[in-house]
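K.L.:
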Amino acid sequence: MESLNLKLLELCSRCGACYNICPSCLNLEGYDPRAVIKDILAGKYEKWLSHKSIWQCLECHFCLEMCYQHYGFENAMSAMRTIASKKGITPPQGKKGWDMFIKTSRLGEPTASARKKLGLPDAAKSG
1094 MESLNLKLLE LCSRCGACYN ICPSCLNLEG YDPRAVIKDI LAGKYEKWLS
1144 HKSIWQCLEC HFCLEMCYQH YGFENAMSAM RTIASKKGIT PPQGKKGWDM
1194 FIKTSRLGEP TASARKKLGL PDAAKSG
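Sequential numbering from 1094 applies to the sequence shown in the numbering used here.
Right, dumping it as structure tokens:
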């Protein structure tokens, strides 16, 4: 967690100014970045690496805009996702997308209806 400013993270854990504007806090039951941050500060962040919460931050920067320290808890969530990814821990959708990209150089197949609507010719099949 050396990439995080622990002093600012400590202030972040005690504030909560961003909770009423964060789309994930407002819409996802059980999403609590302060719980993650408190465990980071206590050195107990390992359990969060496989938890869905670290992937639910939208990186919309609303927390950064509201933050009196100009920090935002998205920094902690981003750092946690980086650590998890380096350890091979990703949500199933992320692995599926990555595997598809490695195999086909695409994240999905283009749809014929969308291409037709845009006036584009049919796309070649990947693979």
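Every residue, glycine too, gets a C-beta built ideally from N, C-alpha and C.
For aspartate 1215, name the three-state secondary structure that DSSP assigns.
P.N.:
Of the three classes helix, strand and coil, the one that applies to aspartate 1215 here is coil, per DSSP.
K.L.:
Confirm, please, whether the CB-CB distance from threonine 1175 to serine 1096 is below 9 Å.
P.N.:
Yes. Within cutoff.
K.L.:
Is it the case that the Cβ atoms of tryptophan 1115 and cysteine 1160 are separated by a distance below 9 Å?
P.N.:
The question names tryptophan, yet the displayed sequence has cysteine at residue 1115. No, these two residues do not count as a Cβ contact at 9 Å.
K.L.:
Along the chain, where does the alpha helix (DSSP H) containing alanine 1207 start, and where does it finish?
P.N.:
Looking at the DSSP string, the run of the alpha helix (DSSP H) that includes alanine 1207 is 1205-1210.
K.L.:
Can you say whether tryptophan 1191 is buried or exposed, counting buried as having 16 or more other CB atoms within 10 angstroms of its CB?
P.N.:
Exposed, since its Cβ has fewer than 16 Cβ neighbours within 10 Å.
K.L.:
By alpha-carbon positions, which one of Cys1156, Gln1162, Asn1168 and Phe1155 ends up nearest to isoleucine 1147?
P.N.:
Minimum Cα distance to isoleucine 1147 is reached at Asn1168.
K.L.:
Considering Cα atoms alone, identify which of Met1170, Gln1149 and Leu1104 is closest to tyrosine 1138.
P.N.:
Of Met1170, Gln1149 and Leu1104, the residue nearest in Cα terms is Met1170.
K.L.:
What residue range is occupied by the uninterrupted alpha helix (DSSP H) comprising glycine 1190?
P.N.:
Taken as a continuous stretch (DSSP letters only), the alpha helix (DSSP H) holding glycine 1190 covers 1185-1197.
K.L.:
What is the rounded straight-line gap between the Cα of proline 1184 and the Cα of asparagine 1120?
P.N.:
Their backbone Cα atoms lie some 19 Å apart in a straight line.
K.L.:
Taking just the CA atoms, how far does asparagine 1113 sit from serine 1106?
P.N.:
Straight-line Cα distance between these residues: approximately 15 Å.
K.L.:
Less than 8 Å between the CB atoms is what I'm expecting for phenylalanine 1166 and cysteine 1156, so what's the real figure, rounded?
P.N.:
Confirmed, Cβ separation roughly 5 Å.
K.L.:
In its own chain, which residues sit with a C-beta less than 8 Å from the C-beta of aspartate 1215, not counting the 5 before and 5 after it?
P.N.:
Excluding positions up to five away in sequence, the list reads Ala1205 and Arg1208.
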